[in-house]
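I have placed the structure first, in the form of structure tokens, so that the comments after it can refer back to it.
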Amino acid sequence: MTLLPAMVAPVLAQETSPAAQQTTGNKTQHGPESVSELAESIMDAVVNISITQNTKAEGDDGVPTPTLPKDAPFQDLFEDYFKNRSDQGANTSRKVSSLGSGFVIDPAGYIVTNNHVIEGASEIVVNFANGSKLTAKLIGTDTKTDIALLKVEPKKPLKAAVFGDSRKMRIGDWVMAIGNPFGLGGSVSVGIVSARNRNLNAGPYDNFLQTDAAINRGNSGGPLFNMYGEVIGINTAIYSPSGGGSVGIGFAVPTELAAHVVGQLREFGVVRRGWLGVRIQPVTEDMIGGLKLDAPRGALISGIVKGGPVEKGPILSGDVVLKFDGEDITEMRDLPRIVAESPIDKPLDVVVIRNGQQMVLKVQLARQVEEEKKSDAEKLAEQLDNNGPANPDGTDPANPDTKQEPADKPVTAAETMGLTLSPLTAENRKQFSIPESVEGVLILDVPANSAAREKGIQKGDVIVEIAQSFVESPEDVADKIAELKKDDRRNAYLMIANQKGELRLVAVPID
């Protein structure tokens, strides 16, 4: 294997190629001539992290006890020897190199890293640049953002890094990563911000910065600095088709998200997030006409959770949230992140579009922990309960003594938008395994090559609402479609429940 030499602090020549230049107005700016002084000033704030995990072993080296012939010489000695090895191995801990990094945020000894670096550890050891080591206590973790906060007890104040504002970072800005790649110790790499707001489907609040600064295994949990020596990201993941090293695509949790999480972990040991109690979905191009928007933007409210903060309003199903607590909701995934970071102890402004009219509403959040205690099935059932009466006769399902099951109606078919529809009955509920909490009109058939089929509607789905109006018979559907045609609407907005009770809003062309 051939090792190529690498510089501790990469130097970019003053006379760079045009591709390495940045142009602003009439001024041409070059990359940094050197980052050596910057690296030297903050290296001591970056640490390496190793963990100990308790593992059971069969002997010191995993060698099984040999099988000896009966009455073999010294049989008792062999059995005693291997038994002692096994007993000792069962109680030993094996040191595992996590190849992790972290950084000090307070001279008193608070250290930030990734949750996956220390997950499952029975002991965490922090290794400093000067060669000293300290055992760390875990203060708290947040799996949704992969952040962990540690605490060590130093004899004297530590060198600490400071958080910068990742929202000020632009694509093309220079950044520097410091970490522990492949266990080699403190290493520096330089690059730029390649992209912002990346969604990797790693968690509900994905909002990664992307960089081409070399990030490899072992950089996890380490800092991504701007050229002022401020931490603007926590290096968390890399894209590597081969599963090996860096290919110039690395991802960092931005400090606009991380700073809030770290502050919560430090104050409470857990993250206290806000909860709005709504179901949302993206606003697509084919929805903007019916929603009276000029472009696909915002987050569409597809359902309200029973028992949630806005169960009785002011937010309603069908609203499109454009701003929350002063922050723009450009796309659906912005809303959960912003709500999670918002305070739960004061009224907040929410800007929505409802029936083409923009309005400002006041809401107060609850703690998300209450929502997380419920199963997904319970949440969906509660949401469906709000879309119409639980029983066709309007009786209270919470009082079974007064509930009267209606007699089954004969199934009648109606052709609407190419769909074959039927009222919900006890018989077809059983046939399609439709929960009792779901009410609406059953879809018996969806023609091939139809617009509804292209939108993912299928046999066994239930139409709960059309244009925010509850429907309970094929005749209701036909009447509502006729009304939309009269108003020159191109699409019908159907609230669809599948056989699991999951809700979604679908725009289906009328003609």
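Its first residue numbered 619, the sequence shown is counted upward by one per residue in this note's numbering. Ideal Cβ placement from N, Cα and C applies to all residues, glycine included.
Per-residue burial, residue i [other beta carbons within 10 Å of its own, 16 or more giving buried]
i	result
residue 973	exposed
residue 1098	buried
residue 1121	buried
residue 1113	buried
residue 735	buried
residue 935	buried
residue 953	buried
residue 733	buried
residue 753	exposed
residue 890	exposed
residue 956	buried
residue 1089	buried
residue 789	exposed
residue 1069	buried
residue 1072	exposed
residue 783	exposed
residue 959	buried
residue 1115	buried
residue 978	exposed
residue 1066	exposed
Closest by C-alpha distance to residue i, when choosing among the options
i	options	result
residue 964	763, 909, 975, 893	893
residue 1047	1065, 652, 1077	1077
residue 928	953, 984, 666	984
residue 818	870, 1087, 1057	870
residue 851	876, 1126, 1038, 866	876
residue 770	751, 904, 759	751
residue 655	722, 737, 845, 1079	845
residue 1130	650, 1049, 951, 1085	Past the edges of the chain, shown from 619 to 1129, lies residue 1130, and the structure says nothing about it.
residue 1119	1054, 1073, 932	1054
residue 738	663, 775, 796, 671	671
residue 1082	1117, 1067, 1065	1117
residue 775	978, 800, 791, 728	728
residue 834	800, 884, 1087	800
residue 975	815, 937, 802	937
residue 650	1050, 810, 805, 802	810
Cut-off 8 angstroms between Cβ atoms - residues of its own chain near residue i, not counting five sequence neighbours on either side
i	result
residue 821	761, 762, 763, 764
residue 1128	1035, 1099, 1102, 1103, 1107, 1108, 1109, 1110
residue 946	940, 952
residue 886	758
residue 906	912, 913, 914
residue 902	914, 1125
Any non-hydrogen atom of the ligand PLP closer than 7 angstroms to residue i Cβ
i	result
residue 671	Ligands in the displayed structure: none, and consequently the ligand PLP is not present.
Residue i and residue j closer than 8 angstroms at C-beta
i	j	result
residue 847	residue 659	yes
residue 825	residue 872	yes
residue 849	residue 923	no
residue 970	residue 940	yes
residue 1111	residue 1100	no
residue 1056	residue 1091	no
residue 920	residue 768	no
residue 967	residue 931	no
residue 667	residue 742	yes
residue 778	residue 830	no
residue 900	residue 918	yes
residue 1063	residue 1043	no
residue 853	residue 795	yes
residue 827	residue 787	yes
7 angstroms CB neighbourhood of residue i in its chain, flanking five on each side removed
i	result
residue 746	665
residue 1017	Confidence is the limiting factor: at residue 1017 the pLDDT is only 38, short of 50, which leaves the residue's position unreliable and the question unanswerable from this model.
residue 908	1107, 1109, 1111, 1125
residue 785	874
Residue interval of the alpha helix (DSSP H) (run including residue i)
i	result
residue 840	Neither: residue 840 is in no alpha helix (DSSP H) and is coded neither H nor E.
residue 746	Taken as a continuous stretch (DSSP letters only), residue 746 belongs to no alpha helix (DSSP H), as it is neither H nor E.
residue 597	No answer is possible for residue 597: it lies beyond the span of the chain, which begins at 619 and ends at 1129.
residue 1097	1092-1104
residue 957	952-959
residue 656	654-660
residue 736	733-736
residue 1070	1069-1072
Beta-carbon contacts of residue i that lie in its chain and below 6 angstroms, excluding the five residues immediately before and after
i	result
residue 839	718, 719, 720, 731, 732, 735
residue 1045	none
residue 766	731, 733, 736, 759
residue 950	898, 900, 917
Residue i - containing beta strand (DSSP E), residue span
i	result
residue 769	765-769
residue 911	Note, residue 911: premise wrong, no beta strand (DSSP E); not H, not E.
residue 942	938-942
residue 1144	As shown, the chain starts at 619 and ends at 1129. That puts residue 1144 outside it, with no answer to give.
residue 1122	1121-1127
residue 1083	1080-1084
residue 848	848-856
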